[in-house]
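In my numbering, the protein residues as written are 64 to 860.
What follows is a set of notes on a single structure, which appears directly below.
Here is the structure:
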């Protein structure tokens, strides 16, 4: 430490050191922020008062307290303020203004200008340095009294660049200059007082911290007047040092000028890339730090080496919302490697070519929407799904491999196949993603001719759903063999629900079977044409059956009931069976049926499409198929005839224990509300109508009795009101028979009713119940006869 506690003026600090440079680790000039108006005005008032007092006044000098700093170099040293940058920046701007006001700019420039560069500068970003260089050389032709707005005067100069509006230090400096102009425009001879060493007006106490590094901790502890740096400010400063070590003397060009890689990054980050990120800034603070840090995380996700031992842990960490993005984390995990940097620069250069607008590299967004990916990457990178990350990795791989000459059509074809493969592969964990990324990197050398590669390679790739790989190979061979397949395949793949998975159409039209049997597609033109005609017919029918969300709703569960009338198409879903959902990630989805995981179920779909005509009403045709269904198992007939049974299943699932024990689930488990299929259908198909017509009187049909849990069975409830007695009859379905029963204890005081029931045809007595068994075809008539017998006993008929 040198001359601890000695008071000096700003000019004397310049006499000690060749340069004063606010280091990269420091924050931007904050005293000029609009939110700091009160602090700024109070400080300027104190400076104005000190300069207005006589040189020998007892209150002078005004002491601005300690300014701490580190010193670099020997001889022509550089002072790096650790604490005091706000006060020093304001003093620098005040020196320029008062020199202009007192016509002393030549003296100011002799003191602060060295070969066109300002001896006081900022290392935070190149644009700040450029601004201070321009300001020290600026000699306004007008006098301060003739300038209504100093900010307007400066920003109107030809040397003032538009992109400087994105630099917070420059904007704060302009605000401070405007405030200085307002407060000091009527001053006289203040510049000479400011540089007077013998009778100083404004001083500070200098503390040189020799041999001290500028650590984040030291800065935060000592700079009590400022805020800690944002994550990106710290990241950027440290990352530039990382680039120096990573790239050494390698250079990059900007507008014909050559820069070392670290400076290239800094300049781009403050100019073209800053413009690009501006629309993603936080509106209240005008900071886009979070957007940049989020993009860094997304780039790190797709530049990890899948063969690395740390890959799975890296992916899990980067996708963890709880992990804070910081330089120390990225550095310690090795995520800021050369490939990360190269990909980051490549993407930002490509995407920012149109300034603030995103510049897409693909001719269309059908297979990869770059804009949507970028928006997610800068807003919430942890929300990127595994399939999206695989596609992003493929996008990066193509751009890296062909950055000098990107063929848009080849790029689009590459992304088409990658999209089809990844979107139709199941990803549950990072290891699934790793296999696909490994496959992408192996395919990348063939990315420019990916269609030919798939058509001519026996096993073109692994790491994806093997059935989808086979489908892509078949489509590639068909397209290579006969160009007329192209519009048909493109149309089918472009369907919002199929999303590239169209093997079912190739299967239905016969192309897949012929490909397998003939071991290729070396067919004649007529054969291709015939198969294409069939493909188009099935495609048109499939387009009417499915919209972009999934199965088209024609009302009354027509599609499902028509399929039930052809065969059992249900797919397993855990312990349940499902009549299928739209969500493509569900194991019991329409997408899974189309994939052919269960060939019999897909065959039922083909049979249904074969029975449909394109010329007639779909609803009418499906109704006819439903009504004409014959020889169905009882459970299938129950579903075909009862759309309410399907409607009841909130998650489209049933619990199947046997053909005679099937439960309709409101949710997905038996501990939730559920009904029994056959009693439910009897209730809604027959008894409701019969009761409304009086056919069950004096029995009153109550609402259907669903249950939760397995302690009780769902059932139909009929109540017989006899005198003051309330007699419930329950109807259950057991082993293919309907059981109508009443508790014996309820009949203890009603011997006549007990005698009636005991003598009624079909009624039997057990230990606890009187009960009657009926077959599904007999149950309605049996209940009518029971109602009539009770009515006769009651004297109601």
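No residue lacks a Cβ here, since even glycine has one placed at the ideal position from N, Cα and C.
If you're wondering where the values come from, they're calculated on a predicted model, not measured in any experiment.
### Query
Quick one: complete alpha helix (DSSP H) runs, 4+ long, within the segment 296 to 374?
324 to 333, 335 to 341, 352 to 365
### Residues near residue 152 by beta carbon distance below 6 Å, same chain, minus five either side
The residue labelled residue 152 in the question sits at position 89 within the chain shown. Cβ within range, chain order: 92.
### Message
In the DSSP assignment, the beta strand (DSSP E) including residue 231 goes from what residue to what residue?
### Response
Residue numbering aside, residue 231 sits at position 168 when the chain shown is read from its first letter. No beta strand (DSSP E) contains residue 231, which is instead part of the alpha helix (DSSP H) from 231 to 247.
### Query
Can you tell which of 149, 343, 599, 832 has its C-alpha closest to the C-alpha of residue 549?
What you label residue 549 is simply residue 486 of the chain shown in a count that begins at 1. The option with the nearest alpha carbon to residue 549 is 599.
### Query
Residue ranges of each alpha helix (DSSP H) run of no fewer than 4 residues wholly in the segment 481 to 544, ordered along the chain?
493 to 506, 513 to 519, 529 to 544
### Query
residue 324: buried (16+ other C-beta within 10 angstroms of its C-beta) or exposed?
Position 261 of the chain shown, counted from the first residue, corresponds to residue 324. Answer is buried; the Cβ neighbour count reaches 16.
### Query
Does the Cβ-Cβ distance between residue 649 and residue 628 come in under 9 Å?
Reading the chain shown from its first residue, position 586 is the one you call residue 649. Reading the chain shown from its first residue, position 565 is the one you call residue 628. Against a cut-off of 9 Å, the Cβ pair of residue 628 and residue 649 comes out as no contact.
### Query
Under the DSSP definition of a beta bridge, which residues are partnered with residue 639?
Reading the chain shown from its first residue, position 576 is the one you call residue 639. In the DSSP output, where bridge partners are listed per residue, residue 639 has 636.
### Message
Cutting at 7 Å between CB atoms, please list the residues of its own chain near residue 537, excluding the five before and the five after it.
### Response
Stepping through the chain shown from its first residue, residue 537 is reached at position 474. 569, 575, 578.
### Task
Decide if residue 458 is buried, meaning its Cβ has at least 16 other Cβ atoms within 10 Å, or exposed.
Your numbering for residue 458 matches position 395 in the chain shown. With 16 or more other Cβ atoms within 10 Å, it is buried.
### Query
Looking at residue 671 and residue 657, is the spacing between their C-beta atoms short of 9 Å?
Position 594 of the chain shown, counted from the first residue, corresponds to residue 657. Position 608 of the chain shown, counted from the first residue, corresponds to residue 671. Not a contact, by the Cβ cut-off of 9 Å.
### Message
Let me confirm a value: residue 775 is counted as buried when at least 16 other C-beta atoms fall within 10 Å, else exposed. Which label applies?
### Response
As a position in the chain shown, residue 775 is number 712, starting the count at 1. By the neighbour-count rule (16 or more Cβ atoms within 10 Å), residue 775 is not buried but exposed.
### residue 823 beta carbon less than 9 Å from that of residue 804
Indexing the chain shown from 1 puts residue 804 at position 741. Indexing the chain shown from 1 puts residue 823 at position 760. The answer is no: Cβ separation not under 9 Å.
#### Entry: Residue environment, residue 316, which counts as buried when at least 16 other CB atoms sit within 10 Å
Within the chain shown, numbered from 1, the residue matching residue 316 stands at position 253. Exposed, since its Cβ has fewer than 16 Cβ neighbours within 10 Å.
### Query
In this structure, what does DSSP give as the bridge partners for residue 826?
Counting from one through the chain shown, the residue named residue 826 turns up at place 763. Paired residues: 835.
### Message
Buried or exposed for residue 765, going by 16 or more other Cβ atoms inside 10 Å?
### Response
Position 702 of the chain shown, counted from the first residue, corresponds to residue 765. So residue 765 ends up on the exposed side.
### Touching by the beta-carbon criterion (3+ pairs, under 8 Å), the segment 239 to 254 and the segment 207 to 227
yes
### Message
Going by DSSP in three states, residue 741 sits in which element: helix, strand or coil?
### Response
Here residue 741 refers to the residue found at position 678 of the chain shown. The answer is helix: DSSP assigns residue 741 an H, G or I state.
### Task
With 9 Å as the threshold, decide whether the Cβ of residue 374 is near any Cβ in chain B.
Absent here is chain B; the protein component of the structure consists of one chain.
### Query
Once you ignore the five residues that flank residue 402 on each side, which residues in its own chain have a CB closer than 6 Å to its CB?
Residue 402 sits at position 339 when you count from the first residue of the chain shown. So the qualifying residues of the chain are 366.
### Selection from 825, 343, 130, 812 that minimises the alpha carbon distance to residue 800
Looking up residue 800 in the chain shown gives position 737. Ranking 825, 343, 130, 812 by Cα distance to residue 800 puts 825 first.
### Query
Where in the segment 705 to 788 do unbroken runs of the beta strand (DSSP E), each at least 3 residues long, occur, reported from the N-terminal end onward?
716 to 721, 724 to 728, 736 to 739, 762 to 764, 779 to 785
### Query
Hey, residue 464 and residue 499: beta-carbon distance below 9 Å or not?
As a working note, residue 464 is residue 401 in the chain shown. As a working note, residue 499 is residue 436 in the chain shown. Cβ atoms of residue 464 and residue 499: not closer than 9 Å.
### Query
Would you call residue 220 buried or exposed, if buried means 16 or more other Cβ atoms sit within 10 Å of its Cβ?
Against the chain shown, residue 220 aligns to sequence position 157. Looking at its Cβ environment, which holds fewer than 16 other Cβ atoms inside 10 Å, residue 220 is exposed.
### Message
I'd like to confirm the pairing. Which residues does DSSP put opposite residue 616 in its beta bridges?
### Response
Counting from 1 along the chain shown, the entry for residue 616 is found at position 553. Answer is none; residue 616 lacks a bridge partner.
### Message
Nearest by alpha-carbon distance to residue 141: which of 677, 85, 233 is it?
### Response
Numbered from its first residue, the chain shown carries residue 141 at position 78. Ranking the options by Cα distance to residue 141, first place goes to 85.
### Query
In terms of residue numbering, what span does the alpha helix (DSSP H) encompassing residue 844 cover?
Sequence index remark: in the chain shown, residue 844 carries index 781 (1-based). Residues 842 to 857.
### Message
Let's test the definition: count the other Cβ atoms within 10 Å of the Cβ of residue 818 and tell me whether it reaches 16, buried, or not, exposed.
### Response
As a position in the chain shown, residue 818 is number 755, starting the count at 1. Answer is exposed; the Cβ neighbour count stays below 16.
### Task
Tell me where the alpha helix (DSSP H) around residue 172 begins and ends.
Within the chain shown, numbered from 1, the residue matching residue 172 stands at position 109. First-last of the alpha helix (DSSP H) with residue 172: 168 to 175.
### Message
Can you check which of these residues, 606, 557, 547, 604, is closest to residue 587 by C-alpha distance?
### Response
As a working note, residue 587 is residue 524 in the chain shown. Comparing Cα-Cα distances from residue 587 to each of 606, 557, 547, 604, the minimum goes to 547.
### Query
Where does residue 107 fall in DSSP's three states?
Counting from 1 along the chain shown, the entry for residue 107 is found at position 44. Three-state DSSP puts residue 107 in a helix.
### Message
So for residue 678, helix, strand or coil by DSSP?
### Response
As a first step, residue 678 must be located in the chain shown, where it is residue number 615. Looking at residue 678 - three-state DSSP - the assignment turns out to be coil, as it is neither helix nor strand.
### Message
residue 737 and residue 727 - do their beta-carbons sit closer together than 9 Å?
### Response
To locate residue 727, count along the chain shown from 1; it is residue 664. To locate residue 737, count along the chain shown from 1; it is residue 674. Against a cut-off of 9 Å, the Cβ pair of residue 737 and residue 727 comes out as a contact.
#### Entry: Proximal residues to residue 684 (C-beta, below 8 Å), its chain only, five neighbours per side dropped
Translated into positions along the chain shown, residue 684 becomes position 621. Taken in chain order, the residues that qualify are 674, 675, 676.
### Contained alpha helix (DSSP H) runs [length at least 4] in the segment 92 to 153, N- to C-terminal order
100 to 115
### Query
Is it buried or exposed for residue 426, if we count other Cβ within 10 angstroms and need 16 for buried?
For the purposes of this step, residue 426 is taken as the residue at position 363 of the chain shown. So residue 426 ends up on the exposed side.
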